[in-house]
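Asker: The structure under discussion is supplied below as structure tokens; questions concerning it will follow.
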Amino acid sequence: MSKIVNITSKEDKDQKLQDIANSLEELKDVMAEVIEAYEEENADSRKMDTLTEALDALEDAYEAVNDVLLEEI
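Position in the sequence shown (from 1) plus 894 gives the number in my numbering.
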């Protein structure tokens with residue numbers, strides 16, 4: 895009887911991960927809008943490359959969180 899299992903622990907973690915996934919999705923949408931605005935202004939290619947890399951990183955983070963949520967890793 896020395897182990898007590900908190901059954902809400904996994905649910906809490908999953909909810910936090912879902913919140914993070916939702917936030918990442920919103921950030922991806924905003925970043926895409928920012929990139930589009932820079933494209934319309936014919937921004938410097940280095941800026942565009944950096945912003946595109948940032949969007950890619952957000953997409954990677956979103957996929958990683960979803961993999962954990964779906965227990966695919």
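Cβ atoms here follow ideal geometry from the backbone N, Cα and C, with glycine treated the same way.
Looking at C-alpha atoms only, which residue of E920, T944, Q912, N916 is the closest neighbour of I929?
Answerer: The residue you call residue 929 lines up with position 35 of the sequence shown. That would be T944, whose Cα lies nearest to the Cα of I929.
Asker: Would you grab the beta carbon distance between A915 and V959 for me? Rounded to a whole angstrom, and I think it's under 8 Å.
Answerer: Here residue 915 is taken as the residue at index 21 of the sequence shown, counted from 1. Here residue 959 is taken as the residue at index 65 of the sequence shown, counted from 1. Right, their Cβ atoms sit about 5 Å apart.
Asker: Within its chain, find whatever has a CB closer than 7 Å to the CB of L921; leave out the 5 residues flanking it on each side and keep chain order.
Answerer: By one-based count along the sequence shown, residue 921 stands at place 27. Closer than 7 Å at the Cβ level, and outside the excluded window around L921, lie L952.
Asker: Near L931, which residues of its chain fall below 6 Å by C-beta distance, leaving aside the five closest residues on each side in sequence?
Answerer: Within the sequence shown, the letter at position 37 stands for residue 931. This sequence places Ala at residue 931; Leu is not what is there. Here the set comprises nothing.
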